[in-house]
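The next block holds one structure in the form of structure tokens; read it before the comments.
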Amino acid sequence: TDYFCIPAKTLVPFLRNIRLNTSEAQKASDLLQNWDYVLSPTSIEAGIYVMWERNIYQEAGRRFIPDALKRLISLQLYRILEWIENPELKFGENGNANRDLFLKETFESAVNTLKEKYGNDMVNWKYGQEKYMHVELKPLIYPLLNNAQKEAYAIKAVPKGGYNNTVNATSGWEKQTSGASFRIISDLSDWDKTLMINTPGQSEDPRSPFYSNLFPIWADNEYFPAYFTAGKIKENAYSLTILKPVNQ
1 TDYFCIPAKT LVPFLRNIRL NTSEAQKASD LLQNWDYVLS PTSIEAGIYV
51 MWERNIYQEA GRRFIPDALK RLISLQLYRI LEWIENPELK FGENGNANRD
101 LFLKETFESA VNTLKEKYGN DMVNWKYGQE KYMHVELKPL IYPLLNNAQK
151 EAYAIKAVPK GGYNNTVNAT SGWEKQTSGA SFRIISDLSD WDKTLMINTP
201 GQSEDPRSPF YSNLFPIWAD NEYFPAYFTA GKIKENAYSL TILKPVNQ
């Protein structure tokens, strides 16, 4: 459940000494200075930071990967952070100044992108919103379904925090497309204290109450009891299915 962003802790302090050209960019920078570096789904700062990091990653690839290799390799974020912390490695003789200009341009570009996508009001830049980094699950057969079936199988998107560089790892660009869907915490001293989570539910049938009931619980990083003993299972069972061979 850890959404703390270690790369942000490295990058954000560099903005303190960078003079930005627009009041919107400066306001966004000021917000980050008081941020806790947590990519929570309701965080405006997280929305600003992730867009900036994307720009840094893309621009570093354009600048530092030779044209002949651009389709063959990509940069690792930790390497880009190393170059930013040690600007003499990649930013030339005037390393500090060139590095700061690189960070300034990518940050101002990120703010412009956020304005274009989500409007001028920073309230709409929240990280986990439907248009930004949210989770929407669809079955693999979804493209083959008719409209009525799609409506039955559709699960409303929910906000979700984190990204590929947080302990609670997810991935995706405009929306999260992968992440830990199944988790289990087993208590070996008392198996009935075991907790687990899955998503969106334990049933593949959209008519079942258990088709998507776990989705909001999972999105909030919560768990449910996974009982092991017969008594606990019977006590909490919703229904019981008995299978009988036809010849008996």
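Using this note's numbering, you'd call the opening residue of the sequence shown number 1 and step up by one each time. Beta carbons are placed, not taken as given, at the ideal position from N, Cα and C, and that holds for glycine. The structure presented is a predicted model; accordingly, all values stated were derived computationally and were not measured.
DSSP on residue i, reduced to helix/strand/coil?
i	result
Q149	helix
Q76	coil
G179	strand
T170	strand
P159	strand
V246	coil
F228	coil
F91	coil
Cα-Cα, which of the options is closest to residue i?
i	options	result
G61	S43, T106, E45, G95	T106
G128	T170, Y142, N21	T170
T1	T241, F182, F228, R71	F182
K131	R16, N17, T42, P206	T42
Y227	P66, D190, M122, Q202	D190
N198	V123, V167, I185, L214	L214
N165	V38, Q26, R207	V38
K104	L32, F14, E85	F14
V50	F91, F4, K150	F4
E82	L69, L72, Y57	Y57
K175	I184, N168, K160	K160
W25	D220, D121, N86	It is Ala, not Trp, that sits at residue 25 in the sequence shown. Residue D121 is the option with its Cα nearest to A25.
K27	P66, E108, P87, L101	E108
N168	E59, F102, E222, Q33	E222
Measure how close the beta-carbons of residue i and residue j come, nearest whole angstrom, since I'm counting them as under 8 angstroms.
i	j	result
I155	S212	5 angstroms
L11	E45	The Cβ separation is near 12 angstroms, so there is no contact.
V123	A157	Actually they are not in contact, since the Cβ atoms of V123 and A157 sit about 19 angstroms apart, beyond 8 angstroms.
L243	F224	Their Cβ separation, rounded to whole angstroms, is 26 angstroms, which puts L243 and F224 out of contact at 8 angstroms.
Y153	P206	5 angstroms
I6	L31	The Cβ separation is near 19 angstroms, so there is no contact.
F64	L72	So it is not a contact: roughly 14 angstroms between Cβ atoms.
Practice problem: Give, in chain order, every unbroken run of the beta strand (DSSP E) that is at least 3 residues long and sits entirely within the region 183-224. | Solution: 183-185, 195-197
Quiz item: Can at least three beta-carbon pairs, one atom from the region 10-29 and one from the region 142-153, be found at a separation below 8 angstroms?
Solution: no
Quiz item: Between the region 84-98 and the region 110-117, are three or more C-beta pairs nearer than 8 angstroms?
Solution: no
Self-check item: Residue ranges of each alpha helix (DSSP H) within the region 12-56, 4 or longer
Solution: 23-33
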